Amino acid sequence: AQSVTQPDIHITVSEGASLELRCNYSYGATPYLFWYVQSPGQGLQLLLKYFSGDTLVQGIKGFEAEFKRSQSSFNLRKPSVHWSDAAEYFCAVAVDRGSTLGRLYFGRGTQLTVWP
Amino acid sequence: EADIYQTPRYLVIGTGKKITLECSQTMGHDKMYWYQQDPGMELHLIHYSYGVNSTEKGDLSSESTVSRIRTEHFPLTLESARPSHTSQYLCASSERGTQNTGELFFGEGSRLTVL
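Just so you know, the sequences run in chain order A and B. Counting from 1, one number per residue, gives the positions in the first sequence under this note's numbering. Counting from 1001, one number per residue, gives the positions in the second sequence under this note's numbering.
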């Protein structure tokens, strides 16, 4: 069965520091991978996605993620964190893109705190 | 910016009451979903719909029901609320067919507390 693991429940970084949020997935075929962000009191917003091709994908708000098949990982990175990046981040995998379902499986999320 | 709306945003209600959480989208999306979100847990899919008059249960068993009479509207109903139903409920939608990029557009959520 497909699953997504986000090993870090809570990460704290200083403003201006670099950031890496980890995500590992379990799925036999090539996955379709996503990172979503949820600010307090808001719904989830798509940051970036990987379907195929270049394994380094760029997203909104200066985020990027790298797909590593050998490690079954899709880690999210940002070189310099801003206070407004404080939020909860969810990694997700889709296993039937293009089907009538389009289902996503989500990890438990990583809560990011940014110190000024 | 996504155009998907949920009401109410917050609801506190007593045990045994019937509640309906509303979800509407103006993007013309065929697919709509309800997820349940609890702190520190994965988002769990509880209902989804391919289009009008199509509804299916998701991965997580839920006592709620849904309907899809109009493309833009996907309400969730609990006939008799219990404290175990306390949670945040997220509605989402996505495109269908060749335009489906896998991206879900989420509403801001409805936080339900049952006393």
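Yeah, the Cβ is synthetic: ideal placement off N, Cα and C, and Gly gets one too. On a predicted model such as this, the values are computed, not experimentally measured, just so you know.
On the criterion of 16 or more Cβ atoms from any shown chain inside 10 Å, does residue i qualify as buried, or is it exposed?
{"i": "residue 110(A)", "result": "buried"}
{"i": "residue 58(A)", "result": "exposed"}
{"i": "residue 10(A)", "result": "exposed"}
{"i": "residue 1059(B)", "result": "exposed"}
{"i": "residue 1038(B)", "result": "exposed"}
{"i": "residue 46(A)", "result": "buried"}
{"i": "residue 54(A)", "result": "exposed"}
{"i": "residue 1031(B)", "result": "buried"}
What does residue i touch in chain A if you count any residue whose Cβ is under 9 Å from its own?
{"i": "residue 1107(B)", "result": "43"}
At a CB-CB cut-off below 7 Å, which residues of chain B make contact with residue i?
{"i": "residue 9(A)", "result": "1040"}
{"i": "residue 107(A)", "result": "1042"}
With which residues is residue i paired in a DSSP beta bridge?
{"i": "residue 1057(B)", "result": "1047(B)"}
{"i": "residue 90(A)", "result": "36(A)"}
{"i": "residue 1037(B)", "result": "1088(B)"}
{"i": "residue 1031(B)", "result": "1094(B)"}
{"i": "residue 77(A)", "result": "20(A) and 64(A)"}
Give the secondary structure of residue i by DSSP, where H, G and I count as helix, E and B as strand, and everything else as coil.
{"i": "residue 69(A)", "result": "helix"}
{"i": "residue 60(A)", "result": "helix"}
{"i": "residue 84(A)", "result": "helix"}
For residue i, which residues of its own chain have a beta-carbon under 6 Å away from its beta-carbon, when the five flanking residues on both sides are left out?
{"i": "residue 19(A)", "result": "13, 78 and 81"}
{"i": "residue 1004(B)", "result": "1025, 1093, 1105 and 1107"}
{"i": "residue 1113(B)", "result": "1012 and 1086"}
{"i": "residue 34(A)", "result": "49 and 92"}
I want to verify the contact list: residues of chain A whose CB lies under 8 Å from the CB of residue i, in sequence order.
{"i": "residue 1090(B)", "result": "43 and 44"}
Kindly list, in the order they appear in chain B, the residues whose Cβ is closer than 9 Å to that of residue i.
{"i": "residue 22(A)", "result": "Within chain B, no residue comes near residue 22(A); the closest Cβ sits about 16 Å away, beyond 9 Å."}
Enumerate in chain order the residues of its own chain whose CB-to-CB distance from residue i is below 8 Å, with the five nearest sequence positions on each side excluded.
{"i": "residue 70(A)", "result": "none"}
{"i": "residue 1009(B)", "result": "1108, 1109, 1110 and 1111"}
Less than 7 Å between C-beta atoms, sequence neighbours within five positions excluded: which residues of the same chain meet that for residue i?
{"i": "residue 62(A)", "result": "78"}
With hydrogens ignored, establish whether the beta-carbon of residue i is closer than 6 Å to any heavy atom of the ligand HEM.
{"i": "residue 1005(B)", "result": "No copy of the ligand HEM occurs in the structure displayed, which carries no ligand at all."}
Find the residues of chain A that neighbour residue i, judging by a C-beta separation of less than 7 Å, and give them in chain order.
{"i": "residue 1112(B)", "result": "Under the 7 Å cutoff, chain A gives no residues; its nearest Cβ is about 15 Å from residue 1112(B)."}
{"i": "residue 1045(B)", "result": "103"}
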